[in-house]
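Trainee: Numbering-wise (the working numbering), the sequence shown opens with residue 3 and increments by one.
Note that the Cβ used here is the ideal one computed from N, Cα and C, for glycine as well.
Have a look at this one.
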Amino acid sequence: WVPGAFEIPAVAKKIAENGKVDGIICLGCVIRGATPHFDYISAEVSKGVASIALQSNVPVVFGVLTTNSIEQAIERAGTKVGNKGSDAAMSAIEMVNLYSAI
């Protein structure tokens with residue numbers, strides 16, 4: 003758990019550096035509000051996670067939702083539009099296996 007989406011990359015980096023995990027799944031949700039804050043946070047979180055994924059020796063999976071409403075977030079968390087957390091977990095397993103095979 004982190005206090006906000008912006009903190010996800012920093013914690014993912016620390017986890018990647020400790021060498022105790024086979025993969026990292028970054029989950030969260032940024033919901034659009036009335037200000038440009040959504041755009042800044044969404045961009046920085048995705049760039050930060052991508053940077054860690056490219057620099058670390060373990061797979062890092064991006065499962066941070068960026069939605070226009072809480073309803074969209076709920077839909078993507080297991081109701082109408084699938085479960086993006088489950089999808090991220092499956093991707094992480096596939097990537098861990100791929101890294102092991104390379």
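Taking Cβ positions, are A45 and V63 nearer each other than 8 angstroms?
Mentor: Counting from one through the sequence shown, the residue named residue 45 turns up at place 43. Counting from one through the sequence shown, the residue named residue 63 turns up at place 61. Not closer than 8 angstroms, so no.
Trainee: In this structure, does DSSP put I104 in helix, strand or coil?
Mentor: For the purposes of this step, residue 104 is taken as residue 102 along the sequence shown, with counting starting at 1. In this structure, I104 counts as coil in the three-state DSSP scheme.
Trainee: How is A45 classed by DSSP in three states: helix, strand or coil?
Mentor: Here residue 45 is taken as the residue at index 43 of the sequence shown, counted from 1. A45: helix per DSSP, three-state reduction.
Trainee: Looking at the unbroken beta strand (DSSP E) that takes in V63, where does it start and where does it end?
Mentor: Counted from its first residue, the sequence shown places residue 63 at position 61. Start and end: 62 to 69.
Trainee: Note down, in chain order, each residue of its chain lying with its Cβ closer than 7 angstroms to the Cβ of N70, except the 5 sequence neighbours on either side.
Mentor: For the purposes of this step, residue 70 is taken as the residue at position 68 of the sequence shown. Counting only Cβ-Cβ distances below 7 angstroms, and skipping sequence neighbours, we find R34.
Trainee: If you draw a straight line from the alpha carbon of G87 to that of R78, how long is it in whole angstroms?
Mentor: As a first step, residue 87 is located in the sequence shown; it is residue number 85 there, counting from the start. As a first step, residue 78 is located in the sequence shown; it is residue number 76 there, counting from the start. If I take the Cα positions, the gap works out to 8 angstroms.
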